[in-house]
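In the numbering used here, the protein residues as written are 3 to 182.
Written as structure tokens, this is what we have:
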């Protein structure tokens with residue numbers, strides 16, 4: 003599992019694509035367009051970070067609740083009267099093993115609970131934050147129609163240049179480092 007599968011740790015484009023994107027930002031966009039894109043990017047980043055923090059907090063809270071309930075259930079099981087043997091109709095009597103030590107909550111189980119629920123919370127919260135941040139950033143960019151059209155045009159030009167560069171690399175027999 004790579005770090006790109008968690009929204010909070012996703013990296014930017016490769017250095018070649020970042021340089022190409024920066025050239026298009028400088029030549030094809032106005033300063034107000036660049037500012038709008040920076041604001042949108044910081045909105046996505048903020049939502050993703052907040053979502054990840056809320057997700058890990060929720061995951062740890064759920065792990066705590068699960069551990070508390072598991073401990074309470076064990077105490078109840080331990081306090082209840084338990085049979086020690088089974089008597090069959092033929093008169094034969096078999097002892098029942100004591101399962102109490104096997105049902106006792108363990109440190110390893112607690113560690114696994116906190117780890118998996120915490121990681122799940124980071125994943126769920128980060129992805130939810132990425133989704134809400136993307137929607138909010140889209141609203142911000144779509145607020146000004148002319149700016150949106152310039153940004154879309156610049157992005158189309160960037161995509162075309164990136165695909166041309168990737169095709170050139172493939173024609174030369176090299177691996178493409180672009181992830182489009």
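Glycine residues also receive a C-beta, built at the ideal position from the N, C-alpha and C atoms.
If you're wondering where the values come from, they're calculated on a predicted model, not measured in any experiment.
Cβ separation of residue i and residue j, assumed to be a contact under 8 Å, to the nearest whole Å
i: residue 149; j: residue 38; result: 6 Å
i: residue 127; j: residue 54; result: 5 Å
i: residue 22; j: residue 160; result: 6 Å
i: residue 142; j: residue 78; result: Wrong, their Cβ atoms sit about 54 Å apart, outside the cutoff.
Burial state of residue i, where buried means 16 or more other Cβ atoms lie within 10 Å
i: residue 153; result: buried
i: residue 24; result: exposed
i: residue 115; result: buried
i: residue 91; result: exposed
i: residue 100; result: exposed
i: residue 88; result: exposed
i: residue 48; result: exposed
i: residue 102; result: exposed
i: residue 93; result: exposed
i: residue 164; result: buried
i: residue 19; result: buried
i: residue 175; result: exposed
i: residue 170; result: exposed
i: residue 137; result: exposed
i: residue 45; result: buried
Cβ shell of residue i (< 6 Å), same chain only, five flanking positions each side left out
i: residue 156; result: 26, 30, 31
i: residue 112; result: 69
i: residue 51; result: none
Where the beta strand (DSSP E) through residue i begins and ends
i: residue 47; result: Where residue 47 is concerned, there is no enclosing beta strand (DSSP E), although the alpha helix (DSSP H) it sits in stretches over 33-81.
i: residue 97; result: 95-97
Three-state secondary structure (DSSP) of residue i
i: residue 21; result: helix
i: residue 87; result: strand
i: residue 166; result: helix
i: residue 174; result: coil
Continuous alpha helix (DSSP H) stretch holding residue i: start and end
i: residue 103; result: 102-105
i: residue 136; result: 109-144
Check: residue i C-beta below 7 Å from any heavy atom of the ligand FMN
i: residue 101; result: Among the ligands in the structure shown, none appear at all, so the ligand FMN cannot be discussed.
Cutoff 7 Å; reference residue i; Cβ partners in own chain excluding five residues on either side
i: residue 65; result: 115, 116, 119, 120
i: residue 80; result: 102
i: residue 76; result: 105, 106, 107
Chain C within 8 Å of residue i, Cβ atoms only
i: residue 99; result: In the structure shown, chain C cannot be found, because there is only a single protein chain.
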